[in-house]
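Take a look at the structure set out below.
There are 2 protein chains.
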Amino acid sequence: MPTRTGRPPRISKTDILAAAHRVIGSEGTQALTMRRLAREVGTTPMALYHHVRDKDELLLMLLDDYAAGVPRPEPPAGAAPGERVVAAAVAMRGALMGVPWIIEVLRADDLMSVRALWYPEEIIDASVLAGLTPEEAVDVYRIIWHYTAGEITARAAAARRREDDRPTHRSEVFENLDAARLPRLAALGAQWEELTARDTYDKGIRALVRGLLPPPAA
Amino acid sequence: MPTRTGRPPRISKTDILAAAHRVIGSEGTQALTMRRLAREVGTTPMALYHHVRDKDELLLMLLDDYAAGVPRPEPPAGAAPGERVVAAAVAMRGALMGVPWIIEVLRADDLMSVRALWYPEEIIDASVLAGLTPEEAVDVYRIIWHYTAGEITARAAAARRREDDRPTHRSEVFENLDAARLPRLAALGAQWEELTARDTYDKGIRALVRGLLPPPAA
DNA sequence: GAGACTTTTTATACATGTATAGAAAGTAGC
DNA sequence: GCTACTTTCTATACATGTATAAAAAGTCTC
Chain F
1 MPTRTGRPPR
11 ISKTDILAAA
21 HRVIGSEGTQ
31 ALTMRRLARE
41 VGTTPMALYH
51 HVRDKDELLL
61 MLLDDYAAGV
71 PRPEPPAGAA
81 PGERVVAAAV
91 AMRGALMGVP
101 WIIEVLRADD
111 LMSVRALWYP
121 EEIIDASVLA
131 GLTPEEAVDV
141 YRIIWHYTAG
151 EITARAAAAR
161 RREDDRPTHR
171 SEVFENLDAA
181 RLPRLAALGA
191 QWEELTARDT
201 YDKGIRALVR
211 GLLPPPAA
Chain W
219 MPTRTGRPPR
229 ISKTDILAAA
239 HRVIGSEGTQ
249 ALTMRRLARE
259 VGTTPMALYH
269 HVRDKDELLL
279 MLLDDYAAGV
289 PRPEPPAGAA
299 PGERVVAAAV
309 AMRGALMGVP
319 WIIEVLRADD
329 LMSVRALWYP
339 EEIIDASVLA
349 GLTPEEAVDV
359 YRIIWHYTAG
369 EITARAAAAR
379 RREDDRPTHR
389 SEVFENLDAA
399 RLPRLAALGA
409 QWEELTARDT
419 YDKGIRALVR
429 GLLPPPAA
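Protein chains in written order, with my numbering: chain F, 1 to 218; chain W, 219 to 436.
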């Protein structure tokens, strides 16, 4: 009989998460401070810390909620394993791309959130079907994860820089280029800004899949 | 004649950077706060902000100093372009791996630091020699950069988690696994921790190179 | 050399995440 | 009902990055 002892809780993890969603939804991600959240829940800031280890964990749980909303697509019937890996990776990245505060969370954990585990499952499964051992398939997933996390982080950082419209730091770099030692970069020059705005995620994923999975039997 | 007007500066960017190096060297990276740094330089915290936009920029400059210390290796004479790309990427990652606060800086910029531009130069040059257009070569560099940044971030996050010895959050995940929906992950189970500790950077880089560069003429 | 102007430095203040200590509010044993 | 114990919540405090306003310390014009 689980009769709880101690002072009965006034708030729950669920309350906190719901309030966090409300705040983010109505006032944006930057409004989500522990104090603001406490007000929304109707308690004090420190009370939150009895239900949540720290803000990172809170964000991780929000990410979990969010990722759970993205449904697992039906695996395309006759698709080659490589295509299944690509599809899963693209879906994973698509889910994360929409979360603006992702950049703060990615520092905190390297595995996808609890309810979004179908991404690794799918990637690992397809890799095994392609002929890899489970161990190798895990490597494939981790490599893809690293690539994806890096791409998203860079994307988010670039977006933030655009907001603050910092002078990009790169223009400065390209002005003081030593053309003798760095001819390729010097030749690219002004093009750089434009070239680095391109979305190369798919290209990278396909290259990884080509390089990691055995070629499909002809 | 550039006779400077206005109040003469008491401190310089150089002073600040030198002090920052001293602090980090003797007391570790966590001791580097703006107040501590100001004390070390002999000024007030806010005075630093006349020489440095914010702490991120300061860290970026420290990274620059650090990366400049890593010498550009002589390009191996007869090496295939692909091998040159791999070597440059591994060197780049090696240089970053040693910087413990890297994780805070990577959020701030996506291009390597000013004095470490030989990494992209080398990768782009080798890619062009392998037969790609300069535009494609830039893609190659960016894809490699994303992968590298992601790997380093994950590595740093894992290291920090080990310090705080948080219960890894993953054990919990694997305990509540729905084995019916996620058979591969369930089968891996306890192995996961061990498998994800492996260093797969090289494997990923080689796969990227295989997938991105045209096969060498036989 | 007196005021205008510019650059650098200082003082003060604020928002934020979170540590710490203790108060509040319940259950269990007697 | 009283004491012990447990859990949750509150109050207070601190370190941190940094905004803002004003003071200080020069040069330039006349």
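C-beta: ideal position from N, C-alpha, C; glycine also.
{"Asked": "Please tell me whether Lys273 of chain W has its Cβ less than 8 Å away from any Cβ of chain F.", "Found": "no"}
{"Asked": "Since Arg107 of chain F meets chain W, which of its residues come closer than 7 Å, beta carbon to beta carbon?", "Found": "Ile321, Thr371, Ala375"}
{"Asked": "Given Asp233 of chain W, which residues of its chain have a CB within under 7 Å of its CB, disregarding the five upstream and five downstream residues?", "Found": "Val259"}
{"Asked": "Locate the alpha helix (DSSP H) running through Leu17 of chain F, then write down its first and last residues.", "Found": "13-27"}
{"Asked": "Does His364 of chain W come out as helix, strand or coil in the three-state DSSP assignment?", "Found": "helix"}
{"Asked": "What are the boundary residues of the alpha helix (DSSP H) that Gln409 of chain W is part of?", "Found": "409-413"}
{"Asked": "Report yes or no: is there a C-beta of chain F within less than 8 Å of the C-beta of Pro291 of chain W?", "Found": "no"}
{"Asked": "At least one CB of chain W closer than 8 Å to the CB of Val221 of chain F: is that the case?", "Found": "Summary: the structure shown does not reach residue 221 of chain F, with chain F confined to residues 1 through 218, and so no result is reported for it."}
{"Asked": "Could you confirm whether any beta carbon from chain W is found closer than 8 Å to the beta carbon of Asp64 of chain F?", "Found": "no"}
{"Asked": "Interface residues of chain W around Asp202 of chain F at Cβ under 7 Å?", "Found": "Within chain W, no residue comes near Asp202 of chain F; the closest Cβ sits about 10 Å away, beyond 7 Å."}
{"Asked": "Check whether the Cβ of Ala309 of chain W lies closer than 7 Å to any heavy atom of the ligand GDP, and answer yes or no.", "Found": "With respect to the ligand GDP, the structure shown offers nothing to examine, as it has no ligands at all."}
{"Asked": "Below 8 Å between beta carbons: does that hold for Leu266 of chain W and Leu182 of chain F?", "Found": "no"}
{"Asked": "If we call anything under 8 Å between Cβ atoms a contact, is Met310 of chain W one with Tyr337 of chain W?", "Found": "yes"}
{"Asked": "Does DSSP classify Pro294 of chain W as helix, strand or coil?", "Found": "coil"}
{"Asked": "Touch check for the stretch 209-216 of chain F and the stretch 122-141 of chain F: three-plus C-beta pairs under 8 Å?", "Found": "yes"}
{"Asked": "Quick check: the Cα distance between Ala377 of chain W and Thr371 of chain W, rounded to an integer number of angstroms?", "Found": "10 Å"}
{"Asked": "Using a Cβ cut-off of 8 Å (strictly closer), state whether Pro352 of chain W contacts chain F.", "Found": "yes"}
{"Asked": "Please return the same chain residues whose Cβ sits closer than 6 Å to the Cβ of Gly82 of chain F, not counting the five positions on each side in sequence.", "Found": "Val209, Leu213"}
{"Asked": "What's the call for Gly422 of chain W, buried or exposed, on a 16-neighbour Cβ count within 10 Å?", "Found": "buried"}
{"Asked": "Expressed to the nearest angstrom, what Euclidean distance is found between the alpha-carbon atoms of Leu278 of chain W and His239 of chain W?", "Found": "13 Å"}
{"Asked": "Can you list the alpha helix (DSSP H) stretches of 4 or more residues lying completely in the stretch 71-138 of chain F, in chain order?", "Found": "81-97, 102-106, 118-129"}
{"Asked": "Taking only beta-carbon positions, decide if Ala425 of chain W is within less than 8 Å of chain F.", "Found": "yes"}
{"Asked": "Excluding the 5 residues flanking Leu250 of chain W on each side, which residues of the same chain have their C-beta closer than 7 Å to its C-beta?", "Found": "Ala238, Val241, Ile242"}
{"Asked": "What separation, rounded to the nearest whole angstrom, lies between the Cα atoms of Arg302 of chain W and Ile362 of chain W?", "Found": "13 Å"}
{"Asked": "Ala405 of chain W touches chain F at which residues, Cβ-Cβ below 9 Å?", "Found": "Pro134"}
{"Asked": "Quick one: using the 10 Å Cβ neighbour count with 16 as the cut-off for buried, is Asp343 of chain W buried or exposed?", "Found": "buried"}
{"Asked": "Is His269 of chain W close to chain F, meaning its C-beta is less than 8 Å from at least one C-beta of that chain?", "Found": "no"}
{"Asked": "According to DSSP, is Leu417 of chain W part of a helix, a strand, or is it coil?", "Found": "Leu is not the amino acid found at residue 417 of chain W; the sequence shown has Asp there. In the structure shown, Asp417 of chain W sits in coil (DSSP, three-state: anything other than H, G, I, E or B)."}
{"Asked": "Could you check the C-alpha separation between Leu62 of chain F and Leu37 of chain F for me, to the nearest Å?", "Found": "13 Å"}
{"Asked": "Verify whether the separation of the beta carbon atoms of Glu288 of chain W and Ala313 of chain W is less than 8 Å.", "Found": "Checking the sequence shown, residue 288 of chain W turns out to be Val, not Glu. Yes."}
{"Asked": "Counting only beta-carbon atoms, is Ala435 of chain W nearer than 8 Å to chain F?", "Found": "no"}
{"Asked": "Excluding sequence positions up to five away, which residues of its chain have a Cβ less than 7 Å from the Cβ of Leu177 of chain F?", "Found": "Leu185, Ala186"}
{"Asked": "Between which two residues does the alpha helix (DSSP H) carrying Leu266 of chain W extend?", "Found": "263-266"}
{"Asked": "Can you tell me where the alpha helix (DSSP H) with Leu280 of chain W in it begins and where it stops?", "Found": "273-287"}
{"Asked": "Roughly how many whole angstroms lie between the Cα atoms of Asp282 of chain W and Ser331 of chain W?", "Found": "5 Å"}
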